[in-house]
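Sequence lines, in order, name chains A and B.
According to the working numbering, the first sequence is numbered sequentially starting from 1.
According to the working numbering, the second sequence is numbered sequentially starting from 1001.
Glycine included, each C-beta is placed from N, C-alpha and C at the ideal position.
For clarity, every value in this text was computed on a predicted model and none was experimentally measured.
Protein chains: 2
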Amino acid sequence: MEFPKLKNDLLLRALKGETVERPPVWMMRQAGRFLPDYMVLREKYTFFERCETPHLVSEITTMPIWQVGSDAAILFCDILVVPMAMGYHVDMVPGVGPRLPRTVKTLADAEAIVVPDVDIALGYVMEGIKQTRMDLKGEVPLIGFAGAPWTLLCYMVQGKGSKDFSEAKKFCFEQPEAARVLLQKITDTTIAYMKAQIKAGAQAFQLFDSWAGLLSPDDFMEFSYPYLKQIVAECTVPNILFAKGSWYALEELKATGANGIGLDWAVTPEMARKVLGHDVTIQGNFDPSRLYAPIPKIEQWTKEMIDRFGKDRYIVNLGHGILPDVPVDHARAFINAVKNYS
Amino acid sequence: MEFPKLKNDLLLRALKGETVERPPVWMMRQAGRFLPDYMVLREKYTFFERCETPHLVSEITTMPIWQVGSDAAILFCDILVVPMAMGYHVDMVPGVGPRLPRTVKTLADAEAIVVPDVDIALGYVMEGIKQTRMDLKGEVPLIGFAGAPWTLLCYMVQGKGSKDFSEAKKFCFEQPEAARVLLQKITDTTIAYMKAQIKAGAQAFQLFDSWAGLLSPDDFMEFSYPYLKQIVAECTVPNILFAKGSWYALEELKATGANGIGLDWAVTPEMARKVLGHDVTIQGNFDPSRLYAPIPKIEQWTKEMIDRFGKDRYIVNLGHGILPDVPVDHARAFINAVKNYS
């Protein structure tokens, strides 16, 4: 399939370390609930209908490009499609969150998991990517993504969201061998899934370790890091590693060879550059709550953030997903403040 | 009132920087749900009955001393008694958490708050302290505590627990002047409350900034730090400052002059000593989930943790509250591993 030629390649250039006129900008969860048009689709279709229907995937993924002007599109999907493909069903309960009726409890459970053929189990994602690439008309690049193995283990063991994922940790501390088997199976599935996304048309890739920050540095090195490293090593497009809360492992994250390191807002630009240097691209890290502030404040803070990180080897983003009740014009002001940066 | 003479003064000596035979140990939330005898009282009395009845306060506070052998007792109470004393009622909804029917929304709301006479509004806490001091018979010191202003603002504005306290942050970013007025009123109340606790018999004091880690370093310096500093400056007993998630501000926390700095498990002992040095006492930072591990593992990890922090200027604790379903013999193994340290 021949896709339209890419016009705005700022994101890819920033990840490759090239000099740019200004940094690119996008927002985590930009294809989602803060957009009123997304809410209309949310009323009409279930979560998995939206994920599994290519024209809906494309419509949602491209929405923030047309409506707020992001420099990159990120695929509309969910990290929990991977546990589903591995045989662990997920219900998305409105107003409650994900619920897994069956969870991983033992070494035998972990060993029984069969790494799926992702082209069959997750073929709908690849169809969504192809449709989106056509519909984007080359305006901006499309970022594919997956959840990191530790974060997926959290859900596959705990069976739902949690503030501390203590059941998941209990599993790791009581049955470290079972945890290793499960993490490796998730890793193998994720590598195949990432390669299939790239083959289908993803031009960049982000790995989300949303719950990395719940681990101590020692446990992060045991239960998360080795698997992140394997995945990054197999990635053939410009990539970003976002391990939320893992400020303590920035040097190790850089050592994976990732092109970009995503940061949450607990790290100042100065601390980040001191540890990471200027030879890796940093992405982040505007506190999503700061988008509630008056627009002139948003503009001022955004400019200051770019001044502090530096315009090169930098991708402007939030430090976590955009909050659902942020006014669209505040999000647009954030994007425009980057576009007007000088 | 004459209290029994203190026998085990390890905690106070560690906070004063004296050389000790071994570090003292206690556990955050040790007077609580992991103890079956506490669960019996929980069935019989409401949360506020337990907090407001001196003999129940004493029974619950001293329970972990007799049952697992902690080197310090921490008062059984809740940080939300302060908002209550300030006129913001709190319902403790079983299985759900705290709910404030009325919240702070505007500058006018903040200005209308009257700093209470704590001896009247919170007199029951002081009665509980006196009863506990008598019943402890000098076995171990009694730690008083309060929530930090930023953490209390979170509840007074959001009205309930939250994973991101985005309403509370919205309030700060939209109405910074209102936030300052509210934070100062909480601070003034907390200083009076702390002094009253000390006068009643608290021999040490811990300030809990449970939600500090939700703030960026810049916002922490604006909305949390100035108030922590005021409170520490007025404290006349050995004290501990625990700002969970604020690894980025360790130097500033030390600069408050606090005797002890509490840490969560995201910081390694080496990082902590590198930043804080050996001239301040560190408390922490065992991941509470690690208490699920087999007992020999708990013993090994506890010994390694003390080796890494060093036995002096150190208080062994968890990095956050003990989890409700940790077996009592695992908690006891943790305490005993410290007592057997050599």
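Can you give me the start and stop residues for the beta strand (DSSP E) that D1188(B) sits inside? Walking along the second sequence from the start, residue 1188(B) turns up at place 188. It is not in any beta strand (DSSP E) - D1188(B) instead sits in the alpha helix (DSSP H) that spans P1176 to A1200.
Output needed in chain order: residues of the region 1036–1060 of chain B with a Cβ under 8 Å from some Cβ in chain A. none
Measure from the C-beta of T1151(B) to each C-beta in chain A and report whether the shortest distance is under 7 Å. In the second sequence, counting from the first residue as 1, residue 1151(B) sits at position 151. Judged by the 7 Å Cβ criterion, T1151(B) is not in contact with chain A.
In or out: N1259(B) buried (at least 16 other Cβ within 10 Å) or exposed? Residue numbering aside, residue 1259(B) sits at position 259 when the second sequence is read from its first letter. The residue in question, N1259(B), is buried, as its Cβ has 16 or more Cβ neighbours within 10 Å.
Are the CB atoms of T1151(B) and S1210(B) within a distance shorter than 7 Å? Working through the second sequence from its first residue, we reach residue 1210(B) at position 210. Working through the second sequence from its first residue, we reach residue 1151(B) at position 151. A contact, by the Cβ cut-off of 7 Å.
Under 8 Å: do the region 311–318 of chain A and the region 1002–1011 of chain B share three or more Cβ pairs, one atom per stretch? no
Please classify R99(A): does DSSP put it in a helix, a strand, or coil? Position 99 of the first sequence, counted from the start, is the residue given in the question as residue 99(A). Strand, per DSSP.
Could you say which of E21(A), R290(A) and N336(A) lies nearest to P1176(B) if we only look at CA atoms? Counted from its first residue, the second sequence places residue 1176(B) at position 176. Ranking E21(A), R290(A) and N336(A) by Cα distance to P1176(B) puts R290(A) first.
Interface residues of chain B facing V140(A) [CB-CB closer than 8 Å]: Counting from 1 along the first sequence, the entry for residue 140(A) is found at position 140. The premise fails here: V140(A) is roughly 28 Å from chain B at the closest Cβ pair, so nothing lies under 8 Å.
What's the gap between the Cα of D264(A) and the Cα of I240(A)? Within the first sequence, residue 264(A) is the residue found at index 264, counting from 1. Within the first sequence, residue 240(A) is the residue found at index 240, counting from 1. Taking the straight line from one Cα to the other gives about 13 Å.
Going by the DSSP bridge assignment, what does Q206(A) pair with across the sheet? By one-based count along the first sequence, residue 206(A) stands at place 206. According to DSSP, Q206(A) bridges with F145(A) and I240(A).
Could you check whether the Cβ of L1323(B) sits closer than 7 Å to any Cβ belonging to chain A? The sequence position of residue 1323(B) within the second sequence is 323, counting from 1. Closer than 7 Å: yes.
Members of the region 166–195 of chain A that neighbour chain B once the beta carbon cut-off is set at 7 Å: Residues of the region 166–195 of chain A with a C-beta less than 7 Å from any C-beta of chain B: S166, K169, K170, F173 and E174, listed in chain order.
Using a 10 Å radius around the Cβ and a threshold of 16 neighbouring Cβ atoms, would you call T106(A) buried or exposed? For the purposes of this step, residue 106(A) is taken as residue 106 along the first sequence, with counting starting at 1. With fewer than 16 other Cβ atoms within 10 Å, it is exposed.
Spatial neighbours of I60(A) within its chain, please: CB distance less than 7 Å, with the 5 preceding and 5 following residues excluded, ordered by chain position. Taking the first sequence and counting its residues from 1, the one referred to as residue 60(A) is at position 60. Excluding its 5 nearest sequence neighbours in each direction, I60(A) has C-beta neighbours in its own chain below 7 Å: A31, Y38, L41, R50 and F76, listed in chain order.
Candidates R1133(B), Q1230(B) and T1103(B): closest to M1156(B) by CA position: As a first step, residue 1156(B) must be located in the second sequence, where it is residue number 156. Minimum Cα distance to M1156(B) is reached at T1103(B).
If you draw a straight line from the alpha carbon of F309(A) to that of G284(A), how long is it in whole angstroms? If you number the first sequence from 1, residue 309(A) lands on position 309. If you number the first sequence from 1, residue 284(A) lands on position 284. Their backbone Cα atoms lie some 9 Å apart in a straight line.
Considering only residues of the same chain and omitting the five flanking positions on each side of T187(A), which have a CB-CB separation below 8 Å? Reading the first sequence from its first residue, position 187 is the one you call residue 187(A). Once the five neighbours on either side are set aside, the close Cβ partners of T187(A) are P149, Y227, Q230 and I231.
Are G1128(B) and V1237(B) close, meaning C-beta to C-beta below 7 Å? The residue labelled residue 1128(B) in the question sits at position 128 within the second sequence. The residue labelled residue 1237(B) in the question sits at position 237 within the second sequence. With contacts defined by Cβ atoms closer than 7 Å, G1128(B) and V1237(B) do not form a contacting pair.
Counting only beta-carbon separations shorter than 7 Å, does P24(A) have a partner in chain B? Taking the first sequence and counting its residues from 1, one reaches residue 24(A) at position 24. No, no contact with chain B.
Since I believe V1125(B) is in contact with Q1197(B) (beta carbons under 8 Å), could you give me their beta-carbon distance rounded to a whole number of angstroms? Residue mapping note: residue 1197(B) aligns to position 197 of the second sequence, counting from 1. Residue mapping note: residue 1125(B) aligns to position 125 of the second sequence, counting from 1. 7 Å between Cβ atoms; contact.
If we ignore side chains and look at the alpha-carbon of each, how far apart do A146(A) and E1052(B) end up? Counted from its first residue, the first sequence places residue 146(A) at position 146. Counted from its first residue, the second sequence places residue 1052(B) at position 52. Cα-Cα distance, rounded: 50 Å.
Can you give the Cα-Cα distance for P1359(B) and M1134(B), rounded to whole angstroms? There is no way to answer for residue 1359(B), as the model of chain B reaches only from 1001 to 1342.
Give me, in chain order, the residues of the same chain whose beta-carbon lies closer than 6 Å to that of G144(A); leave out the 5 immediate sequence neighbours on both sides. To locate residue 144(A), count along the first sequence from 1; it is residue 144. Counting only Cβ-Cβ distances below 6 Å, and skipping sequence neighbours, we find L75, Q197, A202 and F205.
Just to confirm before moving on: does the CB-CB distance between G245(A) and A212(A) stay below 7 Å? As a working note, residue 245(A) is residue 245 in the first sequence. As a working note, residue 212(A) is residue 212 in the first sequence. Cβ atoms of G245(A) and A212(A): closer than 7 Å.
What is the rounded straight-line gap between the Cα of K311(A) and the Cα of A1192(B)? Residue 311(A) sits at position 311 when you count from the first residue of the first sequence. Residue 1192(B) sits at position 192 when you count from the first residue of the second sequence. Roughly 49 Å between the two C-alpha positions.
At the level of alpha carbons, what is the spacing between E18(A) and R313(A)? Counted from its first residue, the first sequence places residue 18(A) at position 18. Counted from its first residue, the first sequence places residue 313(A) at position 313. Answer to the nearest angstrom: the Cα atoms are 7 Å apart.
Going along chain A, which residues have a C-beta under 7 Å from K1163(B)? Against the second sequence, residue 1163(B) aligns to sequence position 163. In chain order: K163.
Proximity of M92(A) and G321(A) at Cβ, strictly below 7 Å: As a position in the first sequence, residue 92(A) is number 92, starting the count at 1. As a position in the first sequence, residue 321(A) is number 321, starting the count at 1. It is not a contact, given that the beta carbons lie outside the stated cut-off.
Per DSSP, what are the beta-bridge partners of K1311(B) in this structure? Position 311 of the second sequence holds residue 1311(B). Answer by DSSP bridge pairing: none, since K1311(B) is not bridged.
Rounded to whole angstroms, what's the CA-CA distance from C1172(B) to E111(A)? Just pull it up for me. As a working note, residue 1172(B) is residue 172 in the second sequence. As a working note, residue 111(A) is residue 111 in the first sequence. Their Cα atoms are separated by approximately 49 Å.
Comparing alpha-carbon positions, which option in V1275(B), K1170(B), C1235(B) and E1270(B) lies nearest E1252(B)? Reading the second sequence from its first residue, position 252 is the one you call residue 1252(B). Answer by Cα proximity: V1275(B).
Candidates K1163(B), G1138(B), D1109(B) and H1330(B), of which the one nearest G1097(B) by Cα: Mapped onto the second sequence, residue 1097(B) falls at position 97. Measuring from the Cα of G1097(B), the nearest candidate turns out to be K1163(B).
How is the alpha helix (DSSP H) around M84(A) delimited, first residue to last? Translated into the one-based positions of the first sequence, residue 84(A) becomes position 84. V81 to A85 is the span of the alpha helix (DSSP H), which, as asked, contains M84(A).
Quick check: is any heavy atom of the ligand ATP less than 6 Å from the C-beta of P1294(B)? By its list of ligands, the structure shown contains no ligand whatsoever, and the ligand ATP lies outside what it can speak to.
Could you work out which residues of chain B lie near V267(A), taking near to mean beta carbons separated by less than 9 Å? Stepping through the first sequence from its first residue, residue 267(A) is reached at position 267. Those are S1216, P1217 and Y1248, listed as they occur along chain B.
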